[in-house]
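Report on the following structure.
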Amino acid sequence: MEVVHSIRPIAAILVSVSIIPILISCGKDRPNFREAWTFVAGVLKFLIIVSMVPGVMHGVLYTFNIVHLGPGLDIGFKVDGLGLTFALVASFLWIVTSLYSIGYMRGLDEHSQTRFYSFFASSLCSTIGVAFAANLITLYLFYELLSLSTYPLVVHHQDPEAKISGRKYLIYILTTSIGLVLPAMIICYHLGHTLDFRPGGILMGTGGKTILTILFFMFLFGFAKSAIMPLHSWLPAAMVAPTPVSALLHAVAVVKVGVFSIIRIFTGIYGISLLKSLHLGTAAAYISAFTILVGSLIAMSQDELKRRLAFSTISQLSYIILGISLLTPKGMIGGIIHIVMHAFGKITLFFGAGAIFVATGQKYISKMKGLGKKMPITFLAFFIGSLSVIGLPPTGGFYSKWYLVLGCIDAHKISLLIILLISSFLNALYFLPIVFKGFFSKEDDDVDVSKYKEAPLCCIIPMIITATISVLLFFYQGIFYKLISIGLKL
Amino acid sequence: MIDNHVFPILIVITPLVCAFFVMGLYWVDKRLCLPLTILAISISFISSIITLYSVLTSGTIQYKLGGWPPPIGIEYRIDLLNGVILVIISFISLFNLFTSFNQVSHDFPEKKGTFYSLYLLFTTGLLGVVITGDLFNLYVLLEITSLSAYAQIALGDKKRAPFASLNYIFIGVIGASFYLLGVGYIYMMTGSLNMGDVAHLIHNLHHSQAIFVAFIFCIVGVWIKMALFPLHIWLPNAYTYAPTASGRIIAPLMTKVMVYVMIRLMYSVFGIDYLFNTLHISQSIIYLSSAAVLFGGIMALSQDNLKKMFTYIIISEIGYMVGGAWLGNKTGLTGAILHIINDVFMTFALFLSAGNFAWRIKDLSIHNLEDIFQKMPWTSTGFVVVALSIIGIPPTCGFFSKWYLILGAIEAKQYLFIIALILSSLLNIILFFRVFEKSLFSSKPHVMESKETRSYNLIEEAPANMTIGLLVIGAILILIGLYSGKIVSNLILPFIPKGL
Amino acid sequence: MKKVALIVVILCGAILIHATSEFPKWGEINSPASLHVSPYYIKYSVEQTDVPNIVTSVLADYRGFDTMFETTVIFCAGLACFLLLRIFNDKEEETESIFYRHIPSGIIIEFKNHEVDIRDEDFELIDSKFVPYDLIIKTVCRILIPFIQIFALYVVAHGDFSPGGGFQGGVILGASIILLAISFNLKTAIEKISEKTLGVLSAIGVFIYAGIGCLCLILKGHFLDYGKLAKILPIDPVKARAIGMLGVEIGVAITVMAVMIIIYINIASQGKHQEGL
Amino acid sequence: MELLIKEIIGKYNYWLYIILMMIGLYAIIAKNNLIKKLVGMNIFQTAIILFYISIGYKKGGTLPIIEIPHGHHTISPESIDISKYINPLPHVLMLTAIVVSVATFGVALAIALKIYKEYNTLEEDEIRMRLRGK
């Protein structure tokens, strides 16, 4: 493998924070200028990341070291297949979301928009930082920065409800990261004398069985952004944030940072063989299977659309962890590619929810009867998103589910296979009725549907883009497959 | 070439001599007081940098005062540890002058000169305590420091400061006297007052009860002065009601210098062998410091006044350093020393931000801080950075010292201390986000972005020197964090005594 | 609180007394304390510094650096008292009346207005707090004070050869002024030696000390290495040490005197410098 | 028994000073009146000073002022009998300690005066009560 020292990883990370001063200086007096800059930064970031794709495909490893902190401790970046996959998705969706947030925030005449865009940009910076982190300490650094920069976004509305949710968010995320990940990381350093992600892991043959098992669970639950039960309830609470935040951060960036961190722990810190020998993969698989089922069940009972989506996210995230913890090549590819597929599917759904809210002010599913006739594009996109999340062709979601199922069979875990199938069924059960009601149900008498029309163009276009890509991914997923295979060294 | 060996003495002598000049000038021309003070501390700062540089290049420096060889006369002995701390003290003292001269003219319009004189004496005392290699000289300088601190604190809040200061005197005198008594016992048994000499003589007395008692009294005396729980009762009130300009320098430096004294006594006088092989008290001291860490955090949580909250944070941080120093391994001591460096800056920045807030809001209760982010955006930015550092979020420096402390505790298998450290971080999160929630997001009804509201959000920052000062310190916090690897490997690890 | 205090006290006492069991007996000639460093002082003091009073030579030379800071402590205390207590604008308490005594007749006149300032031979300002007017005390003190001051100077100057030195002399000197303030009144003392003089003197005293040290530094010696003064004085280095010590002692005496008086007038008059004990 | 008596005779001075010290310490902690506390503080410090001074004592020793024989200007180090002169170092140290304690006392008095002006009392519990009442 060729190692190239390159400035591109750090450039990709910093490009979004570097515009924050510009955003602040534009302020609310020149909103067009401000949003144009956000857009420019997004495109720039995406291009930088894309520019690394060919290299990585040919086995190049881009690295960049900032500082050396001590023996085995650096703050540095490394672009491999896994990180690049994640970064590609996140940075592309940022562009789309930027467009969407212009429509959403202006449509609702929200306050403190400059603050919103600034923290959004810094969240993205942290997300890419996590994706490119070369070692656990860098990952932890950006993980924490992400928690902090999303906090103001969650509390954006500044009403008591938002504040309580903000508190919940912080307590869950920071308590677990400081209380579990930090000590686990230090113990890990104590055992392995390094924190670099290495293909075979760094903990092989370093500690006793008990300590490694405890450490594993500290990591698994410590990265609470992955919303494994019982540490999931911050995610529904965080839905008080404006929809672009929910869409990009709480369906893509933040939660997937949690999952991605766990993937790094699996592949870079523990290593497959160690996990196999300690039977930790199975344990993690069953924990995530539990989350999948319970998450889906709770989702069915939610009437508020965003909360339903949140619980769906909780359960879908555990698909990824399940796939990874199968420890078979197909399962792992399925898990990681689900990051991509779910991202496009779920963001479409959130965009849809936001568009409905902008256009009608409706949050509750029970009051959306008949809206589909007035907002056909929105509901069509919503339908495609649902298909992708359920895992039905012709959407990308099918592809990842397929690999997950194959992985289960390879690992001889039929019980997990059954759970997967049940969950898919449940997914269909809680998503399709929304679309069905939207198109075919007769509207309630007390809701006057006739005055509604489609959301602004800025909201519609992103939705169309993501929905289209969801479909396209069914046909063209090869690039991600290849990147992930390279990342996993398969 | 100038003889390098002039600089160690210049560090202490310049502020001292200038203190007399400032006092004299006060009667002649009051305007000259501040420039002279700045000049004095600048010279001291530059000298300490040169001294540190020569320590780095040529090892420990010895300076014989009066030309007498060590056990006979007093000596200055500068190794890496105190070299670094000297630089930090003089830097903070100098920096504080820039950030607070307008505060001083505001608080003491008529007594400005005498105030600066006292300020210089305080700095001299701290520098002298750190630089000296003589047990009794340390006591004398400690008393100069304390005396000027008592006086500065008593000048604060008219109603409460004198009482707080008097309590500080009583407890401070007990602390200093305990230390003096301990030194008396050491002198009784060894006949020497020079640290190096005593360390040498004490080797044969490891099982002496009198040396044990001497040790206990020295350490307890130092603990009282550094406000280790449960000997902390004087600290919160004294630091809360001190005048802003003095509180800013007393709070960060006084306690940290005492931690330095403790480390110096432990490792340069009594020695590792005595501490960890002869005595078996390190376990209980770590329990004590864990208790201090938690107590500080919990008490901070129950405070309504911002400044008082900060004072309890200091108490909690003291626990970190004492615990780290007593872990008895390389990593723990590294963490403790790194934390001294970091904590000086963190506490300084905390009190700077408190001072900036106080410039606009007289009563620093938390509920008065509503909307402060809008009114004072720059100060608030600095405040957020400090808060993150105290919580221990990378890449701020607080994270890295905590890292070493926890790593040291794992190596020493002190799980209680680890739990205390982590719980304290969590407490700090609650502590600061309680403030942020109040100050960042007003609970006023959904203010729409429109023209009418613009006049509403008028920015009312503190004076530029204060604000910029805070931001500079905030940047330093991050820089120290990023370069902590270099700091540890170049400045701290070479000091760590062999055998740990 | 009392019980806690009792426990603390008993605990400390027990630990301290317990440790005395290892002490050498009182007055033991061969105790470690008298064998390690102190014999050097006793033996070489005269040879190296030409000062037979070893306490002085250790105080001002061997450990002269300590003593400089000791003087600084005193200076610091004076500064602190001034800073804490001195009130410049005493307009808040304007209602207080002032009393003047007409000396020939002994009649006391009360003025309600604060602005009154009689500067007449026949009148004198007296304290509203009770100060007895006693001719005998006044006269005796007037006679005694010069002698006290001369004695103080003797103590300072003769510190090298007999018990005495800067601190002792300075305290006596300060006491003479305080005696003046007590036997006459505060105003008289302040007229003799004004606040400004005291402030400057207290700084000058320590400055003499530190200045001599710096002079040694400039003469390419160590700080306070009086031997180097021989380069500018027509004497040998050993004698120069004795001279250096004398200079230092004078500095100490000046500071101690000034600070004693500063502390006294500030505390006695509560910082107003109007009237007091 | 004989040993004990020997011990007492040999060390009684230290014990006395320690007892004196503890009286002072007790007063600082337990007394309610601030001036009494100050007095306790002074007793405490004085006891330590006495303790130090007694370290320096040598049986049969005299003041540490070298007697130069008449007619001579100086005296050679060899001819000085160390045991004849008491240890000067503790005296020097205590001169410093006295000064420090006086200075502290002065500042403490000044602060006490300030407190008295503010509250018109020096009883600690009363001051605390007023602070709480506020």
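Protein chains in written order, with the numbering used here: chain A, 2 to 491; chain B, 568 to 1067; chain C, 527 to 803; chain D, 69 to 202. For each residue, glycine too, the CB sits at the ideal point set by N, CA and C.
Q.
Against residue 606(C), what residues of chain D qualify as contacts under a CB-to-CB distance less than 9 Å, listed in chain order?
A. Residue numbering aside, residue 606(C) sits at position 80 when the third sequence is read from its first letter. Here the neighbours are 171, 174, 175, 178 and 179.
Q.
Between residue 182(D) and chain B, is the shortest Cβ-Cβ distance under 8 Å, so that the two count as touching?
A. As a working mapping, residue 182(D) is identified with position 114 in the fourth sequence. Closer than 8 Å to some Cβ of chain B, the Cβ of residue 182(D) qualifies, so yes.
Q | Burial state of residue 847(B) (16 or more Cβ within 10 Å) | A | Walking along the second sequence from the start, residue 847(B) turns up at place 280. When all chains shown are included, residue 847(B) counts as exposed.
Q | Within-8 Å CB hit, residue 206(D) to chain C | A | Chain D is shown only over 69 to 202; residue 206(D) falls outside these bounds and no answer can be derived.
Q) So what's residue 646(C) in DSSP terms, helix, strand or just coil? A) Your numbering for residue 646(C) matches position 120 in the third sequence. Reduced to three states, the DSSP call for residue 646(C) is coil.
Q.
Taking beta-carbon pairs under 7 Å, can you tell me which members of the stretch 686 to 714 of chain B lie near chain G?
A. Any reference to chain G falls outside this structure, whose protein chains are A, B, C and D.
Q. Enumerated in chain order, which unbroken segments of the beta strand (DSSP E) with a length of 3 residues or greater are wholly contained in the stretch 586 to 646 of chain B?
A. 628 to 631 and 642 to 645
(Q) Taking 8 Å as the threshold (beta carbon to beta carbon), is residue 586(B) in contact with chain D? (A) Counting from 1 along the second sequence, the entry for residue 586(B) is found at position 19. So no, residue 586(B) is outside the interface.
Q. Excluding five sequence neighbours on each side, which residues of the same chain lie with their C-beta closer than 6 Å to the C-beta of residue 346(A)?
A. Reading the first sequence from its first residue, position 345 is the one you call residue 346(A). Taken in chain order, the residues that qualify are 386, 389, 390, 398 and 471.
Q. When the Cα atoms are used, what is the spatial distance from residue 1022(B) to residue 165(A)?
A. Taking the first residue of the second sequence as position 1, residue 1022(B) is located at position 455. Taking the first residue of the first sequence as position 1, residue 165(A) is located at position 164. Residue placement at residue 1022(B) is flagged as unreliable, the pLDDT there being 42, under the threshold of 50; a coordinate-derived value is accordingly withheld.
**Q.** Close Cβ partners of residue 53(D) (< 7 Å) along its chain, the five nearest in sequence each way excluded
**A.** This structure gives no information on residue 53(D), because the portion of chain D shown stretches from 69 to 202.
Q | In chain order, each alpha helix (DSSP H) run of at least 4 residues that lies wholly inside the stretch 124 to 208 of chain A | A | With a minimum length of 4 residues, the continuous alpha helix (DSSP H) runs that stay inside the stretch 124 to 208 of chain A are 137 to 155, 161 to 177 and 183 to 193.
Q: Compare the C-alpha of residue 755(B) against each of 560(C), 731(C) and 534(C) and name the closest.
A: In the second sequence, counting from the first residue as 1, residue 755(B) sits at position 188. For residue 755(B), the nearest C-alpha among the options comes from 560(C).
Q) For the 8 Å Cβ check, are there 3 or more pairs between the stretch 1031 to 1044 of chain B and the stretch 659 to 669 of chain B? A) yes
Q: Assuming residue 457(A) contacts residue 180(A) (C-beta within less than 8 Å), just tell me the rounded distance between them.
A: Reading the first sequence from its first residue, position 456 is the one you call residue 457(A). Reading the first sequence from its first residue, position 179 is the one you call residue 180(A). With a Cβ gap of about 43 Å, residue 457(A) and residue 180(A) do not count as contacting.
Q) Applying the criterion that 16 or more other CB atoms from any shown protein chain within 10 Å of the CB defines a buried residue, is residue 797(C) buried or exposed? A) For the purposes of this step, residue 797(C) is identified with residue 271 of the third sequence, where counting begins at 1. Classification of residue 797(C): buried, given that the 10 Å Cβ count is 16 or more.
Q: Alpha carbon to alpha carbon, how far is residue 666(C) from residue 787(C)? Give it in angstroms, no decimals.
A: Translated into positions along the third sequence, residue 787(C) becomes position 261. Translated into positions along the third sequence, residue 666(C) becomes position 140. One alpha carbon belongs to residue 787(C), the other to residue 666(C), and they sit about 21 Å apart.
Q. Residues of chain B with a CB under 9 Å from the CB of residue 107(D): which are they?
A. The sequence position of residue 107(D) within the fourth sequence is 39, counting from 1. Simply none; closest approach about 12 Å.
Q. Quick one: is residue 101(A) buried, meaning 16 or more other Cβ sit within 10 Å of its Cβ, or exposed?
A. As a first step, residue 101(A) is located in the first sequence; it is residue number 100 there, counting from the start. Burial is judged here by how many other beta carbons sit within 10 angstroms of a residue's own beta carbon; residue 101(A) has at least 16 and is buried.
Q | Nonlocal neighbours in the same chain, by C-beta distance under 7 Å from residue 69(D), ignoring five residues either side | A | Against the fourth sequence, residue 69(D) aligns to sequence position 1. None.
Q. In chain D, which residues lie less than 8 Å from residue 794(B) when you measure between Cβ atoms?
A. Position 227 of the second sequence, counting from 1, holds the residue named residue 794(B). Within chain D, no residue comes near residue 794(B); the closest Cβ sits about 17 Å away, beyond 8 Å.
Q: Would you verify that the beta carbon of residue 776(C) is, or is not, closer than 8 Å to some beta carbon of chain B?
A: Along the third sequence, read from residue 1 onward, the residue named residue 776(C) stands at position 250. The beta-carbon of residue 776(C) is placed no less than 8 Å from the nearest beta-carbon of chain B.
Q: Sort 705(B), 949(B), 898(B) and 903(B) by Cα distance to residue 921(B) and report the nearest one.
A: Indexing the second sequence from 1 puts residue 921(B) at position 354. Out of 705(B), 949(B), 898(B) and 903(B), 949(B) has the C-alpha closest to the C-alpha of residue 921(B).
Q.
Taking beta-carbon pairs under 9 Å, can you tell me which members of the stretch 537 to 569 of chain C lie near chain D?
A. 538, 539, 542, 543, 546, 547, 549, 550, 551, 552, 553, 554, 555, 556, 557, 559, 560, 561, 563, 564, 565, 567, 568 and 569
Q: Taking 8 Å as the threshold, find out whether the stretch 813 to 823 of chain B comes into contact with the stretch 727 to 736 of chain B through three or more Cβ pairs.
A: no
Q: Anything in chain C within Cβ reach of residue 759(B), meaning under 8 Å, just list it in chain order.
A: By 1-based counting over the second sequence, the position of residue 759(B) is 192. Within 8 Å Cβ-Cβ: 562 and 563.
**Q.** Bridge partners - residue 634(C), DSSP secondary structure assignment
**A.** In the third sequence, the residue the question calls residue 634(C) occupies position 108. In the DSSP output, where bridge partners are listed per residue, residue 634(C) has 627(C).
**Q.** C-beta neighbour in chain C for residue 681(B), strict 8 Å
**A.** Taking the second sequence and counting its residues from 1, one reaches residue 681(B) at position 114. Taking Cβ atoms only, chain C reaches closer than 8 Å to residue 681(B), which makes this a yes.
Q | Residues near residue 1019(B) by beta carbon distance below 6 Å, same chain, minus five either side | A | The residue you call residue 1019(B) lines up with position 452 of the second sequence. With a pLDDT of only 43 at residue 1019(B), under 50, the local geometry of the prediction cannot be trusted, and the value read off the model is given with reservation. So no residue of the chain qualifies.
(Q) If I measure Cβ to Cβ from residue 576(B) and keep anything under 8 Å in the same chain, skipping five residues before and after, which residues do I get? (A) Within the second sequence, numbered from 1, the residue matching residue 576(B) stands at position 9. Hits under 8 Å: 630, 632 and 643.
Q) Within the 8 Å Cβ cut-off, does residue 1001(B) reach chain D? A) As a working note, residue 1001(B) is residue 434 in the second sequence. Not an interface residue.
Q. Around the C-beta of residue 314(A), are 16 or more other C-beta atoms found within 10 angstroms, so that it is buried, or is it exposed?
A. Walking along the first sequence from the start, residue 314(A) turns up at place 313. So residue 314(A) ends up on the buried side.
Q) Using 8 Å as the Cβ pair cut-off and three pairs as the minimum, do the stretch 603 to 614 of chain C and the stretch 581 to 595 of chain C touch? A) no
Q) residue 90(D) and residue 572(C) look like a contact to me (Cβ under 8 Å); what is the Cβ gap, rounded to whole Å? A) The residue given as residue 90(D) occupies position 22 in the fourth sequence. The residue given as residue 572(C) occupies position 46 in the third sequence. So it is not a contact: roughly 41 Å between Cβ atoms.
(Q) Can you check which of these residues, 316(A), 88(A) and 379(A), is closest to residue 485(A) by C-alpha distance? (A) Locating residue 485(A) in the first sequence gives position 484, counting from the first residue. The option with the nearest alpha carbon to residue 485(A) is 88(A).
Q. Does the stretch 708 to 717 of chain B touch the stretch 833 to 841 of chain B, meaning 3 or more C-beta pairs lie closer than 8 Å?
A. no
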